[in-house]
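Under my numbering, think of the first position of the sequence shown as 95, with each following residue one higher.
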Amino acid sequence: MIVKIIDHKQKARYVNAAFIKSIQDKGASKCQVEVSGWATKITVNQPAEAVAEIVSAALPTNIDAILAAEEERQQQAQAATTVAVIG
């Protein structure tokens, strides 16, 4: 789920594909990638379609199953905390 994005300054950025909020076209060969929790957008010297394909390929095919598993993990952690407080 981690993708390598090379910004316009040739600096490698490693981003969790699940946290990419948007990819905005900025011309024929440039786009901006908005990442959740980051203050600034990443400017990339690639077309938006190419970046979108890379991001899509990195995402799991069944995100609903992953979200359900994460919710179950959080519920189990909360239940364990409750037991620890009571016990």
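Heads up, the beta-carbon is just placed ideally off N, CA and C, and yes, glycines get one too.
Suppose contacts are defined by Cβ-Cβ distances below 9 Å. Is residue i in contact with residue j by that definition?
i: residue 102; j: residue 138; result: yes
i: residue 151; j: residue 119; result: no
i: residue 106; j: residue 98; result: yes
i: residue 104; j: residue 117; result: no
Determine the DSSP secondary structure at residue i, reduced to helix, strand or coil.
i: residue 126; result: strand
i: residue 144; result: helix
i: residue 175; result: helix
i: residue 104; result: coil
Whose C-beta lies closer than 6 Å to the C-beta of residue i among residues of the same chain, with five residues either side of it excluded?
i: residue 153; result: 111
Within its chain, find whatever has a CB closer than 8 Å to the CB of residue i; leave out the 5 residues flanking it on each side and keep chain order.
i: residue 160; result: 154
i: residue 95; result: 110, 111, 112, 152, 153 and 154
i: residue 145; result: 99, 117, 125, 127 and 138
Please list, in chain order, all residues of the same chain as residue i whose beta carbon is under 7 Å from its beta carbon, the five residues on each side excluded.
i: residue 135; result: 126, 127 and 128
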